[in-house]
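One structure below.
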Amino acid sequence: MLYDIIKVIQESETTGLLKGNDDVELAGFSGTKLLGTLQRLVKLFSTQGNTCYLEIGVFQGLTLCLSSLACPNFPCYGIDNFAFFDPEKKNLSIVQERIEKLDLNNTHLINQDYEDALENLRIYIGEKKIGVYFIDGPHDYRSQLMCLQLALPYLHEQAVIIVDDSNYRHVRQANRDFLVTHPEYKLIFEAYTPCHPQNMTSEQEQQARKGWWNGVNIIVRDLEQKLSPMYPPTERSRELYENEHIIHSSKFAELAPNTIELITKLEHLNLFGFFKQLGLIKYRLIKNDNYNRAKYYHLNTYSDILPEQRYNDPK
Numbered sequence: 138m139l140y141d142i143i144k145v146i147q148e149s150e151t152t153g154l155l156k157g158n159d160d161v162e163l164a165g166f167s168g169t170k171l172l173g174t175l176q177r178l179v180k181l182f183s184t185q186g187n188t189c190y191l192e193i194g195v196f197q198g199l200t201l202c203l204s205s206l207a208c209p210n211f212p213c214y215g216i217d218n219f220a221f222f223d224p225e226k227k228n229l230s231i232v233q234e235r236i237e238k239l240d241l242n243n244t245h246l247i248n249q250d251y252e253d254a255l256e257n258l259r260i261y262i263g264e265k266k267i268g269v270y271f272i273d274g275p276h277d278y279r280s281q282l283m284c285l286q287l288a289l290p291y292l293h294e295q296a297v298i299i300v301d302d303s304n305y306r307h308v309r310q311a312n313r314d315f316l317v318t319h320p321e322y323k324l325i326f327e328a329y330t331p332c333h334p335q336n337m338t339s340e341q342e343q344q345a346r347k348g349w350w351n352g353v354n355i356i357v358r359d360l361e362q363k364l365s366p367m368y369p370p371t372e373r374s375r376e377l378y379e380n381e382h383i384i385h386s387s388k389f390a391e392l393a394p395n396t397i398e399l400i401t402k403l404e405h406l407n408l409f410g411f412f413k414q415l416g417l418i419k420y421r422l423i424k425n426d427n428y429n430r431a432k433y434y435h436l437n438t439y440s441d442i443l444p445e446q447r448y449n450d451p452k
């Protein structure tokens with residue numbers, strides 16, 4: 138199977154998409170090499186029996202629909218609560234319309250937060266095992282690691298995990314930490330782009346759309362230990378995670394994104410934007426009850442919800 142997986146990636150690098158649909162425009166953020174890999178992996182696992190495809194982070198359905206098209210009889214599931222990147226609240230209906238237009242009877246949406254869905258996944262997929270697992274959900278370190286950990290009981294014995302947006306260092310760190318603590322899983326392929334697509338030149342973006350978009354890590358279950366350990370590049374720096382602790386032990390943790398935006402405006406000498414952001418921070422300080430809830434400015438800002446002590450009594 139490992140050689141088959143490598144062959145799938147190599148074919149996708151050479152020819153891109155396996156199958157598309159000319160009648161329905163499928164917009165989204167991805168590269169054709171990544172899409173082609175997902176499609177070929179779905180076809181590969183369709184011969185295994187009682188397996189399925191699962192993805193975290195559906196957005197407008199590009200990867201879910203194209204993966205489903207590759208093998209119409211192979212069950213494909215997508216988890217998303219459509220809470221992010223959807224200011225007009227249209228993404229769910231866009232995905233549903235695409236599924237209907239493409240007549241994808243093998244495609245199933247799980248409209249939930251990824252943690253709730255993964256903790257109760259058996260309800261949705263029954264006794265099926267996940268052969269192809271595509272992770273493109275929240276990209277914070279904890280969410281990335283939990284997407285990997287929570288899926289473990291449901292993964293096929295030869296499962297392939299495709300982690301999108303691996304250009305982010307915290308995504309790579311979560312992948313590395315998972316690989317170190319689960320040696321039966323190995324990194325079989327990695328590819329990166331020069332920067333995030335938002336920072337690319339038009340020529341770079343064109344290349345990213347033909348390639349791996351914002352980086353990818355592909356992980357396989359290697360029960361026979363045929364692969365040597367290989368890890369994505371990470372920085373051995375505690376500062377990144379100490380900063381996270383400093384932020385979350387502050388009364389004003391929720392204002393961290395606004396503060397970063399404030400500094401960005403100042404760096405670019407955007408004084409109008411700077412004072413506008415400053416006003417927004419002041420407004421949130423006055424209106425948000427979370428700040429009133431905190432008793433202290435830093436460290437354990439409030440502990441009212443914590444029990445003094447408790448035991449877990451054996452039954």
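Numbering-wise, the numbering used here comes out as the position in the sequence shown, counting from 1, plus 137. Where a beta carbon is used, it is the ideal one built from N, C-alpha and C, also for glycine.
Taking the C-alpha atoms as reference points, what is the distance between residue i and residue j?
{"i": "Ser149", "j": "Arg447", "result": "54 Å"}
{"i": "Leu399", "j": "Arg259", "result": "45 Å"}
{"i": "Asn218", "j": "Tyr251", "result": "8 Å"}
{"i": "Gln176", "j": "Ile267", "result": "15 Å"}
{"i": "Ser387", "j": "Thr401", "result": "21 Å"}
{"i": "Asp160", "j": "Ile236", "result": "With a pLDDT of only 44 at Asp160, under the threshold of 50, the placement of this residue in the model should not be trusted; the figure read from the coordinates follows. Each residue's alpha carbon lies about 13 Å from the other."}
{"i": "Asp450", "j": "Gln344", "result": "59 Å"}
{"i": "Gln233", "j": "Ser204", "result": "15 Å"}
{"i": "Ser339", "j": "Arg346", "result": "11 Å"}
{"i": "Leu408", "j": "Ile418", "result": "15 Å"}
{"i": "Gly443", "j": "Thr371", "result": "Here residue 443 is Leu; the residue named in the question, Gly, does not match the sequence. For Leu443 and Thr371, the distance between alpha carbons rounds to 36 Å."}
{"i": "Val297", "j": "Tyr278", "result": "20 Å"}
{"i": "Gln432", "j": "Ile384", "result": "Per the sequence shown, the amino acid found at residue 432 is Lys instead of Gln. Taking the straight line joining both Cα atoms gives about 16 Å."}
{"i": "Tyr434", "j": "Phe389", "result": "8 Å"}
{"i": "Lys144", "j": "Thr151", "result": "11 Å"}
{"i": "Asn158", "j": "Leu241", "result": "With a pLDDT of 45 at Asn158, under the threshold of 50, the predicted position of this residue should be treated as unreliable, though the coordinate-derived value follows. The straight-line gap from Cα to Cα measures roughly 12 Å."}
{"i": "Gly153", "j": "Leu360", "result": "29 Å"}
{"i": "Ala220", "j": "Glu376", "result": "30 Å"}
{"i": "Tyr378", "j": "Gln310", "result": "11 Å"}
{"i": "Thr318", "j": "Asn248", "result": "30 Å"}
{"i": "Lys226", "j": "Phe166", "result": "18 Å"}
{"i": "Ile231", "j": "Ser183", "result": "27 Å"}
{"i": "Gln300", "j": "Ser280", "result": "Note that residue 300 is Val in the sequence shown, not Gln. Looking at the two C-alpha atoms, the distance is approximately 12 Å."}
Would you say residue i and residue j are within 8 Å of each other, going by their C-beta atoms?
{"i": "Asn187", "j": "Glu294", "result": "no"}
{"i": "Asn354", "j": "Asn312", "result": "yes"}
{"i": "Gly215", "j": "Leu246", "result": "yes"}
{"i": "Cys164", "j": "Leu199", "result": "Looking at the sequence shown, residue 164 is not Cys but Ala. For Ala164 and Leu199, yes; Cβs fall inside 8 Å."}
{"i": "Leu171", "j": "Trp349", "result": "yes"}
{"i": "Val179", "j": "Cys202", "result": "no"}
{"i": "Cys189", "j": "Ile262", "result": "yes"}
{"i": "Pro369", "j": "Lys323", "result": "no"}
{"i": "Ala288", "j": "Tyr305", "result": "no"}
{"i": "Glu321", "j": "Arg358", "result": "yes"}
{"i": "Phe196", "j": "Asn243", "result": "no"}
{"i": "Phe326", "j": "Ile146", "result": "yes"}
{"i": "Asn437", "j": "Gln414", "result": "no"}
{"i": "Val308", "j": "His276", "result": "yes"}
{"i": "Arg373", "j": "Leu392", "result": "no"}
{"i": "Leu181", "j": "Asp223", "result": "no"}
Report back the beta-carbon spacing between residue i and residue j to the nearest angstrom; my notes put them in contact at under 8 Å.
{"i": "Asp302", "j": "Asn336", "result": "The Cβ separation is near 14 Å, so there is no contact."}
{"i": "Leu316", "j": "Ile356", "result": "7 Å"}
{"i": "Leu155", "j": "Gly173", "result": "5 Å"}
{"i": "Leu139", "j": "Lys363", "result": "6 Å"}
{"i": "Leu282", "j": "Leu239", "result": "Not confirmed; about 33 Å, so no contact."}
Using three-state DSSP, classify residue i as helix, strand or coil.
{"i": "Glu264", "result": "coil"}
{"i": "Gly173", "result": "helix"}
{"i": "Thr244", "result": "strand"}
{"i": "Arg358", "result": "strand"}
{"i": "Cys189", "result": "strand"}
{"i": "Phe271", "result": "strand"}
{"i": "Ile143", "result": "helix"}
Measuring only from the beta carbon, is residue i closer than 7 Å to any heavy atom that is part of the ligand NAD?
{"i": "Asp314", "result": "Because no ligand of any kind appears in the structure shown, any question about the ligand NAD cannot be addressed here."}
List in chain order: all unbroken alpha helix (DSSP H) runs of 4+ residues lying wholly within the region 378 to 447.
Counting whole runs of 4 or more residues, the region 378 to 447 contains the alpha helix (DSSP H) stretches 393 to 404, 408 to 424 and 426 to 430.
Every unbroken beta strand (DSSP E) inside the region 289 to 329 [3 residues or more]:
If only uninterrupted beta strand (DSSP E) runs of at least 3 residues are considered, those enclosed by the region 289 to 329 are 292 to 301 and 322 to 328.
Could you give the uninterrupted runs of the alpha helix (DSSP H) lying entirely in the region 191 to 236, keeping only those of 4 residues or more?
As far as the region 191 to 236 is concerned, its whole alpha helix (DSSP H) runs of at least 4 residues are 199 to 207.
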